[in-house]
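Student: The opening residue of the sequence shown carries number 63 in the numbering used here; numbering runs sequentially from there.
Note that CB positions come from ideal geometry on N, CA and C, so glycine has one too.
Predicted model only: the values in this text are computed from it and were never measured.
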Amino acid sequence: MERLLIRGGHRLQGTVQICGAKNAALPQIAASLLSAEPLTLTNMPDVVDVHTMVRLMTHYGVTSTRDSSSVTLKADGARNVEAPYDIVRRMRATLLVLGPLVARFGAARVSLPGGCAIGARPVDLHLKALAVLGATIDLDGGYIVAKAPNGLAGGRIVFGSPSIGATQTALMAATLAKGESEIMNAAREPEVVDLAACLAAMGAQIEGAGTHRIRVQGGQALHAGRHEIVPDRIEAGTYAIAAAITGGHLELTGARLEHLSAVGEALEAAGVRLWPTDRWLMVARDGALRGIDIVTEPYPGFPTDLQAQFMALMTIADGASMIRETVFENRFMHVPELGRLGANITLQGTSALVRGVKALKGAPVMATDLRASVCLVLAGLAAGGETAVSRIYHLDRGYEALDRKLVRCGADIRRVPE
Ligand code: UD1
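Dropping the structure here:
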């Protein structure tokens with residue numbers, strides 16, 4: 063195990079290359095199971111979660127070849143077996159194989175998933191979607207058993223609340239379900255739109271991705287496809303906050319401002335400047351930070367995956383900030399760790415009241431999940447003295463070369479054995 067030693071107080075300046083989105087890559091890797099012909103995904107981020115997903119594919123007999131940042135997945139010899147718990151427990155996105163497996167093979171047995179401990183994270187909406195498309199679902203000793211021996215058939219799936227993963231499960235399964243499917247109250251995140259684009263490149267007929275109502279004409283075999291993964295809006299938002307928290311100036315190449323609208327608005331209200339350049343996106347802060355309130359919401363609202371990072375920023379703002387989490391009920395594990403660095407935060411139910419302090423002071427802290435760990439790194443960049451962040455394997459799950467990218471822009475960070 064490794065940890066990061068951060069000496070704070072350096073203004074970041076330079077250019078950061080934003081990678082393809084991890085959360086777009088994972089469902090698209092699972093989508094390779096839908097066809098016997100190869101799927102090539104370009105702009106693939108080099109992060110542990112992607113490696114885990116590709117390893118899971120190997121288990122299903124999908125071969126993969128990697129060429130710099132593109133991966134080709136071939137599922138011609140795919141077999142329908144039980145997913146090993148040891149892989150599945152590592153991340154929740156492994157659940158995304160369920161839809162493709164039952165759609166292509168008529169049956170699937172997948173362990174209930176693990177992943178970041180940020181709330182109850184049920185799977186009912188995934189199962190509901192498959193049941194509407196004609197699968198029978200049973201739970202057996204910690205496994206989901208889905209069966210559709212005569213194949214799936216199109217149907218009208220109405221979600222009570224929008225779920226990214228369940229929309230992706232529905233979308234993938236619907237491409238092979240005979241006839242028309244409709245997904246109502248679908249998630250509108252760019253990662254859903256990107257999955258639809260990837261499936262379209264494989265021959266699927268999909269309309270309405272990015273809106274609340276997606277329609278799919280399914281039942282045709284999918285063919286070989288090639289798709290470039292959308293840039294990671296959460297990685298871009300994280301580096302935007304890194305610029306802001308250090309009073310720095312960063313150019314984010316590859317970042318798409320249109321995917322960051324709520325984040326951009328919040329940063330500007332807090333005293334950070336963002337503007338598009340000929341090439342991409344600039345973020346800078348010269349003046350004081352102001353405390354502002356945010357509420358996490360499904361897209362296009364403020365993303366829950368940037369809540370922890372934004373909280374780190376607010377710890378040193380003038381005034382107070384109320385941060386309300388509405389997507390996951392238990393996503394405040396970073397709060398006591400930020401407290402160790404001198405932050406003044408009061409938790410009340412699903413809200414955190416952050417009273418800005420003059421300065422943070424370095425201390426040993428522990429990462430508890432992916433976004434919480436990066437929030438501690440950001441806080442460490444602003445804190446005086448040394449911050450040691452342990453358990454950074456969480457960080458490596460979702461950020462490609464985070465410490466190297468920050469060091470190139472002037473941060474003082476060392477990766478050392480635990
Ligand atoms: C995805 C992201 C994750 C992000 C989250 C919310 C991936 C791989 N992960 O996770 O980084 O934090 O979106 O933006 O893309 N829910 C149910 N029943 C279900 C499924 C979800 O009640 O069957 C609830 C969840 O508990 C949560 C809400 O729906 O409260 C949204 O979750 P969802 O959008 O499904 O998140 P994930 O797809 O798991």
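Would you call Arg128 buried or exposed, if buried means 16 or more other Cβ atoms sit within 10 Å of its Cβ?
Tutor: Label assigned to Arg128: exposed.
Student: What residue range does the alpha helix (DSSP H) around Tyr147 cover?
Tutor: That run of the alpha helix (DSSP H) goes Tyr147 to Val150.
Student: Please state the DSSP three-state secondary structure of Gly71.
Tutor: Here Gly71 sits in coil by DSSP.
Student: Give me the Cα-Cα distance between Arg25 and Ala331, rounded to the nearest whole angstrom.
Tutor: Missing from the structure shown is residue 25; the chain here goes from 63 to 480 and no further.
Student: Please give the ranges of any alpha helix (DSSP H) in the region 74-154, keeping only runs that are unbroken, at least 4 residues long and fully inside the region.
Tutor: The qualifying runs are 84-93, 110-121 and 147-150.
Student: Beta carbon of Gly227: closer than 7 Å to some heavy atom of the ligand UD1?
Tutor: Yes, since a heavy atom of the ligand UD1 falls inside the 7 Å radius drawn around the Cβ of Gly227.
Student: Please go through the region 258-299 and give each complete beta strand (DSSP E) segment of 3 or more residues, from N-terminal end onward.
Tutor: Taking only runs of at least 3 residues, the beta strand (DSSP E) segments lying wholly in the region 258-299 are 267-269, 275-280 and 287-290.
Student: Please list the segments of the alpha helix (DSSP H) lying wholly inside the region 352-385, counting only runs of 4 or more residues, in order along the chain.
Tutor: Runs found: 369-376.
Student: Using the three-state DSSP reduction, which class does Tyr205 fall into: helix, strand or coil?
Tutor: Here Tyr205 sits in strand by DSSP.
Student: Measuring straight from C-alpha to C-alpha, what distance separates Ala165 and Cys260?
Tutor: Between Ala165 and Cys260, the C-alpha separation is close to 17 Å.
Student: What are the residues that DSSP puts in a beta bridge with Ser173?
Tutor: Ser173 pairs with Tyr205.
Student: Is the closest heavy atom of the ligand MG to the C-beta of Ser173 under 7 Å?
Tutor: Looking for the ligand MG in the displayed structure turns up nothing; the ligands present are the ligand UD1.
Student: Given a cut-off of 8 Å on the beta-carbon distance, is the pair Leu422 and Ala405 in contact?
Tutor: Result yes, Cβ atoms of Leu422 and Ala405 sit closer than 8 Å.
Student: Starting from the Cα of Leu201, find the closest Cα among Leu174, Leu187, Gly442 and His188 and give me that residue.
Tutor: When only C-alpha atoms are compared, the closest one is Leu174.
Student: Examine the Cβ distances between the region 208-222 and the region 188-195 and report whether three or more of them are shorter than 8 Å.
Tutor: Yes, they touch.
Student: Report whether the distance from the Cβ of Val159 to the nearest heavy atom of the ligand UD1 is below 7 Å.
Tutor: Checking every heavy atom of the ligand UD1 against the Cβ of Val159, none is found closer than 7 Å.
Student: Determine, using beta-carbon pairs with one atom in the region 111-119 and one in the region 153-162, whether at least three such pairs fall under 8 Å.
Tutor: Touching, yes, given that three or more Cβ pairs across the two stretches are closer than 8 Å.
Student: With distances taken from CA atoms, which of Val439, Asp355 and Ala305 is nearest Ala382?
Tutor: Ala382 has its Cα closest to that of Asp355, out of Val439, Asp355 and Ala305.
Student: Give me whichever residues DSSP pairs with Thr408 in a beta bridge.
Tutor: The partner list for Thr408 (beta bridge, DSSP) reads Leu415.
Student: Consider the C-beta atom of His188 and the heavy atoms of the ligand UD1; say whether any pair is separated by less than 7 Å.
Tutor: Flag set: Cβ of His188 near the ligand UD1.
Student: From Cys471 to Gly418, what distance separates their C-alpha atoms?
Tutor: For Cys471 and Gly418, the distance between alpha carbons rounds to 26 Å.
Student: If I measure Cβ to Cβ from Ala450 and keep anything under 6 Å in the same chain, skipping five residues before and after, which residues do I get?
Tutor: Excluding sequence neighbours, Ala450 sits near Arg65, Leu67 and Pro426.
Student: Arg466 lies in the alpha helix (DSSP H); which residues open and close that run?
Tutor: First-last of the alpha helix (DSSP H) with Arg466: Leu464 to Arg470.
Student: For the alpha helix (DSSP H) that contains Arg459, what are its first and last residues?
Tutor: Run containing Arg459: Tyr455 to Gly460, per the alpha helix (DSSP H) assignment.
Student: Does DSSP classify Met246 as helix, strand or coil?
Tutor: Strand.
Student: What do you get for Asp367, buried or exposed, if any count of 16 or more other CB atoms within 10 angstroms of its CB means buried?
Tutor: Asp367 comes out buried.
Student: Going by alpha carbons, who is nearest to Ala210 out of Pro479, Gly363, Val143 and Leu195?
Tutor: Considering only alpha carbons, the answer is Leu195.
Student: Does the beta-carbon of Arg347 have 16 or more other beta-carbons within 10 angstroms, so that it is buried, or is it exposed?
Tutor: That one is buried.
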